[in-house]
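Single-structure report; data block below.
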Amino acid sequence: MSPPSINLIQWRPLSAIKRALVTGGRRPVRVPVGLFRGVTLDLDLAHAMQKYLGLWETETYPFIRAAAARCRWAVDVGAGAGELTLYLLLKSQAVRVHAFEPDEAETAQLRANLALNAVADDPRLTVHTVAVSINPNPGFVALDSLGLDPGQRGFLKVDVDGQEMHVLQSGAGLLSEAVVDVLVETHSPSLESACARFLSERGYACSVIPNAWWRVLVPEVRPLPHNRWLAATKRARV
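Numbers given in this note's numbering equal positions in the sequence shown, counted from 1, plus 342.
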């Protein structure tokens, strides 16, 4: 019998201490450490302490820092409450940022966090309340339709809980022509393999970002057994 996925670990030795010390309820807090240091987020620390302490998805931070430092445009697909969108606006070289979040509650939180950091009206930013997909029906947008310059380096983050391939396929032209750093959260082994194959066929070198060893002590506790990140960078042309 294989061991349980680290994403499903329920034993959380630090949670009892947190519950004893932290009062619940949302309030604006300035993140003191980690990738989002200095960014103000509306958080309930009883449930989002890892974001506050710079531990949430920290395994991805080196890749994000490198991608943000060299991109001229960025697309955050599945922007959620907007942490990465804020980082791109406040700390990257991007002159265009697209944030996609179709969930109304998440979009409201995204807009609140943008306002807390005085970037709600930033001319570089476009917030889309639709999904990214190859679906041609209303309510969906293809990456290839955004008019992004393939001559400029880009950064694409995808976190869409099972629709990863639809997002990538919607940007087949852009991903083929442009040099893009791609970060995809994958939710099954088959989807991970499909995404890696799709990107590899377009000249990308792919690698999986593993869970840190200390996640046994500080797990993120996700609903699916397979939940990790695929990082891809375009190979240099020879």
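Using N, Cα and C, we set each Cβ at its ideal position, and we do this for glycine too. Predicted, not measured: the structure shown is a model, and the values here were computed from it.
Using 8 Å for Cβ pairs, my map puts L452 next to I406. What's the rounded Cβ distance? So it is not a contact: roughly 18 Å between Cβ atoms.
State the DSSP-derived secondary structure class of I406, mapped to helix, strand or coil. helix
Hey, would you say W571 sits closer than 9 Å to V521, going by beta carbons? no
7 Å Cβ shell around L516 - same chain, five flanking residues per side excluded: L485, D486, L490 and P492
Alpha carbon to alpha carbon, what distance is there between G380 and G504? 32 Å
Tell me the start and end of each unbroken beta strand (DSSP E) in the region 530 to 577 that is at least 3 residues and wholly inside, in chain order. 546 to 551 and 570 to 576
Cβ distance (whole Å) where F482 is taken to contact M507 below 8 Å: No, F482 and M507 are not in contact; Cβ-Cβ is about 14 Å, not under 8 Å.
According to DSSP, is G515 helix, strand or coil? helix
Check V580 in the structure and name its three-state DSSP category. With a pLDDT of 39 at V580, under the threshold of 50, the modelled position of that residue is not reliable, and no figure is offered here.
CB of A421 within 9 Å of CB of E446, strictly: no
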